[in-house]
Structure formats: structure tokens, C-alpha cells
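Below you'll find the structure, written out as C-alpha cells, and then a few comments.
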Amino acid sequence: MPGSVSSVPESSQILTYVGSVGFLVFSLMLTSFGYINNAWIVLFRPNDNDEFQRGVRNLDCYKTYDPPKIGCLDWSYVQKMDKFPMAFNRIYDATYQIYVAHYLSIIIIASQVFWLVYTIGHCLSLKFCVKVEKYKLIMFHVMVISVGLWIILLFIIIYETFTDQVLPRQLRKPDYEYSIGTGFWTFFLGGLIPYVGAVFCLFREQMQQSQDRLVQLIRHRRIRVPTTETTQGAEVIIPMNARSR
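Here's what the structure looks like:
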């Protein structure tokens with residue numbers, strides 16, 4: 016246990032923490048690549064072999080495949096016709112939801128950095144292990160909140176992609192195709208799956224404790240039914256003939 020007399024954590028714990036570090040490094044790498052990749056919300060035009068991309072790093076991009084070329088403008092850039100062709104130069108400005116997604120992605124990356132430092136601290140210092148041991152259940156629930164941020168981000172991107180938040184409907188042609196791009200999937204799946212692996216490695220005992228508490232709460236939930244056998248917490252019924260006496 017982290018509170019033992021030895022000067023370093025036990026070897027089994029070291030392996031667990033090293034595994035957690037590996038998961039978190041991998042998760043951070045993929046979320047960083049996904050954040051940089053602007054292909055989150057994609058509007059593809061098959062006949063023109065080009066596409067519009069909107070990411071969460073304050074950029075809108077126009078990409079052609081033949082020849083392969085990409086040009087990007089800030090969300091606030093007004094003269095979009097400088098780099099975007101007809102139709103794409105009349106795209107909507109980034110919505111409030113996209114700005115929320117922008118900040119959520121930054122918070123997620125910051126949380127990954129925090130948990131990476133937290134886990135490395137377990138690998139290097141027994142004193143650190145002992146100090147944070149009593150807070151592990153709280154830290155587990157805080158780490159789970161970050162998973163919730165990924166889920167919220169998913170719903171935002173789905174909404175933005177499939178509800179005509181990019182191009183006015185009257186400018187769309189039947190062959191235009193909306194999709195969620197590789198940038199988002201790299202950020203979401205590539206970041207979330209190893210992150211959950213790190214949660215499992217770090218807080219396996221706390222996960223079991225939370226599960227046990229939930230089961231106990233469900234089992235001990237009772238509906239109180241009034242009874243005539245006892246007057247405590249029950250309705251007392253007095254016969255009518257007793258009142259007349």
C-alpha cells in the first residue's frame with residue numbers, strides 16, 4: 016500500500032502507475048493531433064472534389080483534392096471570398112455552440128496534462144502517494160467528470176454537423192455531404208479510449224467502491240407503508256361506537 020514503510024511504492028503499484036502514464040501520454044498525443052486537425056465538421060462537394068472544414072481552434076478551412084491544397088481563415092474573418100470559392104464564401108459564422116466546443120476541448124487537454132502530472136507523481140514519490148491516498152475517491156469522481164466533457168463535446172459536434180449550422184440551406188445542392196471529420200474522431204475516440212484505460216488503472220478500487228455504494232443504495236431504498244399494528248408513524252383508527260361513549 017502507499018502508506019507502507021518502504022521508501023518507494025510497491026512494484027505492482029509502480030507497474031499500474033507506469034501503465035496509466037502510458038495511457039495518458041497516448042491519449043494526450045491523439046487529442047493534440049485531433050485538435051490541430053481542422054476536419055471536425057466537414058461539408059464535402061463530390062462534383063467539385065473539394066470540402067469545407069470547421070474545427071475548434073478558431074479556423075475555417077477550404078480544401079481541394081486535385082491539386083491537394085488547403086487554405087484557412089479565422090472565424091472572425093469577414094472577406095471569406097479571399098480564400099473560399101462561391102457558396103463556401105457565404106458560410107455562417109461560428110455559433111455559440113462551437114465556441115463552447117472550443118473551450119471544452121482546451122479544458123479536456125488541460126485535464127489530461129493535470130492527470131499525467133498526478134500519475135507521474137505516484138511513480139516518483141511515496142510521500143506523494145501517502146499524501147493523496149485519502150483523496151483518491153474524490154479524485155476518481157473528478158477524473159470521471161472529464162469523461163463527461165468528451166460526451167458533451169460529441170453531442171455538440173453532432174448537432175452542429177447535421178442541423179445546417181454551416182451553410183444556408185438555399186445554397187446547398189443535393190450532392191453536398193455533411194460528415195463528422197477525422198479531426199474530431201481522432202480527438203474523441205483516440206483520446207477517450209486510452210483515457211478510460213488510465214482511469215481504470217488508477218482508480219480500480221474506487222470504481223468498485225462507487226459501484227458497491229450504488230448497489231447498497233438501491234437495495235436499502237424502502238417505501239414506508241402505514242400499519243395499524245403500531246401507532247408510531249401510522250394512522251390510528253378509532254371506532255364510531257367508542258366515540259359515543
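Converting from the sequence shown to our numbering requires adding 15 to each position, the first position being numbered 1. Don't be surprised by glycine CBs; every beta carbon is placed ideally from N, CA and C.
So for residue i, helix, strand or coil by DSSP?
{"i": "ILE171", "result": "helix"}
{"i": "TRP112", "result": "Position check: residue 112 holds Gln in this sequence, whereas Trp was assumed. GLN112: helix per DSSP, three-state reduction."}
{"i": "PHE67", "result": "strand"}
{"i": "SER91", "result": "coil"}
{"i": "ASP97", "result": "helix"}
{"i": "LYS142", "result": "helix"}
{"i": "VAL118", "result": "Note that residue 118 is Tyr in the sequence shown here, rather than Val. TYR118 falls in the helix class under three-state DSSP."}
{"i": "PRO254", "result": "Annotation note: pLDDT 49 at PRO254 (below 50); position unreliable, coordinate value reported separately. Of the three classes helix, strand and coil, the one that applies to PRO254 here is coil, per DSSP."}
Using the C-alpha atoms, what's the distance from residue j back to residue i?
{"i": "TYR32", "j": "PHE215", "result": "11 Å"}
{"i": "ILE160", "j": "THR176", "result": "25 Å"}
{"i": "SER91", "j": "VAL71", "result": "13 Å"}
{"i": "LEU182", "j": "THR79", "result": "18 Å"}
{"i": "ASN62", "j": "ASP190", "result": "8 Å"}
{"i": "MET154", "j": "VAL162", "result": "13 Å"}
{"i": "ASN73", "j": "HIS117", "result": "8 Å"}
{"i": "ALA109", "j": "PRO83", "result": "25 Å"}
{"i": "LYS149", "j": "TYR111", "result": "40 Å"}
{"i": "LYS142", "j": "ARG234", "result": "39 Å"}
Looking at C-alpha atoms only, which residue of the options is the closest neighbour of residue i?
{"i": "LEU164", "options": "ILE29, GLY206 and LEU74", "result": "GLY206"}
{"i": "GLN127", "options": "TYR174, SER47 and ASP75", "result": "SER47"}
{"i": "VAL36", "options": "THR178, VAL157 and TYR133", "result": "TYR133"}
Have a look at the DSSP bridge pairing and note the partners of residue i.
{"i": "GLU192", "result": "PHE59"}
{"i": "ASP179", "result": "Paired residue(s): none; ASP179 is not in a bridge."}
Measuring from the CB of residue i, is there a heavy atom of the ligand NAD at a distance below 7 Å?
{"i": "ASP63", "result": "In the structure shown, the ligand NAD is absent, as is every other ligand, since no ligand is present at all."}
Quiz item: If you pair each beta-carbon of the segment 41 to 57 with each one of the segment 188 to 202, do three or more pairs fall below 8 Å?
Solution: yes
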